[in-house]
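For the sequence shown, the numbering used here gives the first residue as 3, with consecutive numbering after it.
Ideal placement from N, C-alpha and C gives every residue a C-beta, glycine not left out.
A quick write-up on the structure given underneath.
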Amino acid sequence: MLEGEQFDMRLIISMLMMVCIKLSWAVSHQSVALVDAGSSGSRLHIFSYQLDKTHTPYNITEIWSKSIRPGLSTLPLSSITINNYLADLLADAPVDNMPVYLYATAGMRLLPHAKQQAYFDAVRHWFKNQPKWRLMAAQTISGQDEGLYGWLSVNYQTGALMDEAQPSAGVLDMGGASVEVTFPVETGTVAFRPHDIKRIRLYGRTHTLFTHSFLGLGQNEVAHQFLETAPCFNQDYTLPSGEQAHANVSLCKTQVMSLINHVHQVDKSVKRVLSKTQVKQWYALGGVVDLVKSPAFNFASLNFSNQELLTKAQHSVCQKSWVQISQNYGKDDYAYGYCLFAAYYYGLMVEGYGLKPEQPLQYLAANQTADWSLGFVLHPQSFE
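As structure tokens, this is what we get:
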């Protein structure tokens, strides 16, 4: 063999090895897009991940995200409106023939089934003409699945799913139209309703979870029901009736508790089970995190307690007039409800779920996926 031929052979072998490496990477690295069509807005997430020998995802990384308002379920049922909405949400995403799943949550669950299907028909029609996307599903997910995905998302990012030495956390997801509470339980410690139990096996471990969703108890739905409740808004805030509000957080909490425990019976559904759990670490997702991070409350660390939230509301935020609040925090669309939301979250978590007022609640850092979407990638049935 001539020297030049030896060089060419080495080059060919090198090129073949590179092709094999790229093919191996393509097999083990996957990408998927998820549209979380929530009650307040829609969020596009694109994740890359690898698969282990059991085809379980790992090394999950969010490589793109974008959010828009309002929620899909609030749009007029017009093909032009929905087409423009989806085009805006998915514009500029770095994709090429990528699978996408559109999952709607509680805002859509509040609608009649026929109307939900009309929205999804419009969504499917738009995607038919989008060669960059392969729509795999467009549907409403259950509150239980939303709670399960949120639990998976948090515990994957904390490392608890793969580290047996690290206890699993409980997760409190506070949405606009619903709330979910999910935490590990031990069988035999308390009687469960079968509907509230989910079992999932990941990374060689089986997790038994209690998960319950309360439709109609999300922040937006609660706000709609208490807009005329004077103790729930800052002094001099004008209620829809024209009357002036007079903030009293304790009285507001009493009013809201009639909805939480008397109507939705949160305490009867959760408190007994939660009292038997060994969970020490709790994570919050959603609206309550936005509240504690807002400039008015300004919790600087990645944790807070319900007692701290209520105390700050009583002594710092709700003693101010609406003029002061609107001047200082008027850019926050939810500033009007600071007092209501603090009372509501305290009542839900402490008097509803049964958490101790001083229980530390953590939330994810800004560079982590702070919703249920990552958990979708982990769920074995997600791509079936």
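Which residue's Cα is closest to the Cα of residue i: the options?
| i | options | result |
| --- | --- | --- |
| H2 | V294, T240, V224 | The chain is shown only over 3 to 386; residue 2 falls outside these bounds and no answer can be derived. |
| Q370 | R136, S155, P297 | S155 |
| S67 | G40, I84, A95, P78 | A95 |
| A367 | Y205, K358, S303 | S303 |
| D175 | Y51, V290, G190 | V290 |
| G218 | L113, K273, L77 | L113 |
| G206 | F378, P362, P59 | P59 |
| W153 | P196, T210, H226 | T210 |
| E64 | I199, A106, D292, Q159 | Q159 |
| T142 | N305, A108, H197, S243 | A108 |
| G172 | S252, L137, P242, L276 | L276 |
| Q280 | T189, A249, L241 | T189 |
| Q329 | L241, Q316, Y346, A298 | A298 |
| C254 | Y346, W324, K278, D123 | Y346 |
| G43 | F49, S75, K270, T56 | S75 |
| I48 | Y87, K55, A124, D98 | D98 |
| Q119 | K130, A139, W135 | A139 |
| F212 | H115, K278, Q364, P233 | K278 |
| G339 | W128, L241, S307, N300 | L241 |
| S307 | A232, D123, Q364, Y87 | Q364 |
Return helix, strand or coil for residue i, following the three-state DSSP convention.
| i | result |
| --- | --- |
| N369 | coil |
| N388 | As displayed, the chain neither begins before 3 nor continues past 386, which places residue 388 out of reach and without an answer. |
| V34 | strand |
| W128 | helix |
| N236 | coil |
| V183 | strand |
| Y285 | strand |
| K24 | Caution applies to K24, whose pLDDT of 36 falls short of 50 and renders its modelled position unreliable; the value that the coordinates give is listed next. Residue state, collapsed to three classes: helix. |
| T142 | strand |
| G152 | helix |
| M164 | coil |
| Q118 | helix |
| S375 | helix |
| G109 | helix |
| G349 | helix |
| L137 | strand |
| L363 | strand |
| L174 | strand |
| H264 | helix |
| L357 | coil |
| K255 | helix |
| N300 | coil |
| S277 | coil |
| Q383 | coil |
| N250 | coil |
Does the separation of the CB atoms of residue i and residue j fall below 9 Å?
| i | j | result |
| --- | --- | --- |
| V268 | F343 | no |
| M110 | Y121 | yes |
| F185 | S170 | yes |
| M100 | A39 | no |
| Q32 | L53 | yes |
| V192 | R126 | no |
| Q132 | L92 | yes |
| Y285 | L312 | no |
| I84 | L77 | yes |
| N222 | S41 | yes |
| H214 | V272 | yes |
| I62 | L376 | yes |
| A247 | S296 | no |
| L204 | L163 | yes |
| G288 | D373 | yes |
| N305 | P359 | no |
| T208 | I202 | yes |
| Y105 | V187 | no |
| D309 | V251 | For clarity, residue 309 is Gln in the given sequence; the question names Asp instead. Contact: no. |
| W135 | A89 | no |
Please check if any C-beta of chain C sits within less than 9 Å of the C-beta of residue i.
| i | result |
| --- | --- |
| V102 | As a matter of chain content, chain C is missing from the structure shown, which is built from one protein chain. |
### Query
Can we say the region 225-241 touches the region 317-327, given the rule of at least three CB pairs closer than 8 Å?
yes
### Task
Assess, as a yes-or-no matter, whether the region 136-149 is touched by the region 169-184 under the definition of 3 or more beta carbon pairs within less than 8 Å.
Below 8 Å, enough C-beta pairs join the region 169-184 and the region 136-149 to call them touching: three or more.
### Message
With a threshold of 8 Å, are at least 3 pairs of Cβ atoms found where one atom belongs to the region 376-383 and the other to the region 330-342?
### Response
No, because fewer than three Cβ pairs between the region 376-383 and the region 330-342 fall closer than 8 Å, the two stretches do not touch.
### Query
Residue ranges of each alpha helix (DSSP H) run of no fewer than 4 residues wholly in the region 190-247, ordered along the chain?
221-227
### Message
So within the region 28-106, which uninterrupted beta strand (DSSP E) runs reach at least 3 residues, ignoring any that extend past its ends?
### Response
Listed in chain order, the beta strand (DSSP E) elements of length 3 or more contained wholly in the region 28-106 are 31-39, 44-53, 59-70, 100-106.
### Cβ contact check for the region 349-366 and the region 249-267: 3 or more pairs under 8 Å
With a cut-off of 8 Å on Cβ pairs, the region 349-366 is in contact with the region 249-267, counting three or more such pairs.
### Message
To test your reading of the DSSP string, which unbroken alpha helix (DSSP H) runs of 4 or more residues are found completely within the region 306-344?
### Response
308-314, 324-331
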